[in-house]
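Chemist:
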Amino acid sequence: MISDCDGSYYPWYGSNEEVVQFRCPDLNGKRCTIQMVDNFHPHVTWRNPTNPNRLRPNLTYIIRRQSFLVWLVAWKVATMKSYILKNFHWNMNVEIRVNPDAPVGHRAQLVSSPLLRQPVCLSMPVAIPPRALLPPNANSAQRLVWYPTKGTPVIIIPPAIY
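What follows is the structure, encoded as structure tokens:
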């Protein structure tokens, strides 16, 4: 199974196309090509849902800093023992300036570099934190925080607590 985890709350996800099963003892000479597509597809809200003036968009700037640790793991199904084969680390750092009054197609401007650092294969394996194997799922572990230009940040969507 291939999955990413922040080492704290994000558990495994994907158990269909992300899994390849080999039947033993027929492993001699078998090869498997592994390809990862993370489908990183973030969304942001155009308006602050707690704002009483919901008619006018008030998003002016987006900062997203996210770090991922990816495990390539082999599982011995009979014993449910895992073996870490490789670890990869990557970051998503995006800053976008937004002008809600600009015409469509010109409202957002990328401030950060458009070039992303490539994932790094770590030389030493990182242990899988036990809590990464438990709920909540990745979506339930995230939160949406609105940072107004003035005033205190507001948690719009808190993480689910299990």
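Per UniProt numbering, the very first residue in the sequence shown carries number 1; after that it's consecutive. Where is the CB? At the ideal position from N, CA and C, for every residue including glycine.
(1) Report yes or no: is there a C-beta of chain B within less than 7 Å of the C-beta of K150?
(2) Note the first and the last residue of the continuous beta strand (DSSP E) segment covering H80.
(3) Whole angstroms is fine: what's the gap from G105's alpha carbon to V94's?
(4) Judging by CA-CA distance, which residue of M92, P125 and V126 is the nearest neighbour of S113?
(5) For P125, which of P158, V98 and F88 has the nearest alpha-carbon?
(6) Mind checking who Y61 pairs with in its DSSP beta bridge?
(7) Return the residue from the list I62, W71 and R143 that minimises the CA-CA distance to N99.
(8) Between V77 and V44, what straight-line distance do the alpha-carbon atoms span, to the nearest angstrom?
(9) Applying the criterion that 16 or more other CB atoms from any shown protein chain within 10 Å of the CB defines a buried residue, is V70 buried or exposed?
(10) Starting from A108, trace the beta strand (DSSP E) both ways and give me its first and last residue.
(11) Thinking C-beta only, is K81 closer than 7 Å to L72?
(12) Run the CB neighbour count on D4, radius 10 Å, all protein chains shown included, and call it buried at 16 or more, exposed below.
(13) When you compare only the Cα positions, how much space is there between I84 and R56?
(14) Tell me whether the beta-carbon of V154 lies closer than 7 Å to the beta-carbon of T50.
(15) How big is the Cα-Cα spacing for R117 and V111?
(16) For a quick check, are the C-beta atoms of P129 and W90 less than 7 Å apart?
Modeler: Inspection of the coordinates gives the following:
(1) Checking the listed chains, one finds no chain B in this structure; it contains a single protein chain.
(2) As a working mapping, residue 80 is identified with position 80 in the sequence shown. Reading off the sequence shown, one finds Met at residue 80, where the question assumed His. M80 -> no beta strand (DSSP E), and no H or E assigned at all.
(3) As a working note, residue 105 is residue 105 in the sequence shown. As a working note, residue 94 is residue 94 in the sequence shown. Looking at the two C-alpha atoms, the distance is approximately 19 Å.
(4) In the sequence shown, the residue the question calls residue 113 occupies position 113. Looking at the Cα atoms, M92 is the closest of the given residues.
(5) Taking the first residue of the sequence shown as 1, we reach residue 125 at position 125. Closest option to P125, Cα to Cα, is F88.
(6) Reading the sequence shown from its first residue, position 61 is the one you call residue 61. According to DSSP, Y61 bridges with R97.
(7) As a working note, residue 99 is residue 99 in the sequence shown. It is I62.
(8) To locate residue 77, count along the sequence shown from 1; it is residue 77. To locate residue 44, count along the sequence shown from 1; it is residue 44. For V77 and V44, the distance between alpha carbons rounds to 39 Å.
(9) For the purposes of this step, residue 70 is taken as residue 70 along the sequence shown, with counting starting at 1. It is buried - the Cβ of V70 has at least 16 other Cβ atoms within 10 Å.
(10) In the sequence shown, residue 108 corresponds to position 108, counting from 1. Element bounds for A108: A108 to L110.
(11) Start at 1 with the first residue of the sequence shown, and residue 72 comes out as number 72. Start at 1 with the first residue of the sequence shown, and residue 81 comes out as number 81. Not a contact, by the Cβ cut-off of 7 Å.
(12) Residue mapping note: residue 4 aligns to position 4 of the sequence shown, counting from 1. Residue placement at D4 is flagged as unreliable, the pLDDT there being 43, under the threshold of 50; the coordinate-derived value follows with that caveat. When all chains shown are included, D4 counts as buried.
(13) Counted from its first residue, the sequence shown places residue 84 at position 84. Counted from its first residue, the sequence shown places residue 56 at position 56. Approximately 50 Å, taken between the alpha carbons.
(14) What you label residue 154 is simply residue 154 of the sequence shown in a count that begins at 1. What you label residue 50 is simply residue 50 of the sequence shown in a count that begins at 1. Cβ distance < 7 Å, so V154 and T50 count as in contact.
(15) On the sequence shown, position 117 is the one that residue 117 refers to. On the sequence shown, position 111 is the one that residue 111 refers to. Answer to the nearest angstrom: the Cα atoms are 16 Å apart.
(16) Mapped onto the sequence shown, residue 129 falls at position 129. Mapped onto the sequence shown, residue 90 falls at position 90. No, the Cβ-Cβ distance between P129 and W90 is not below 7 Å.
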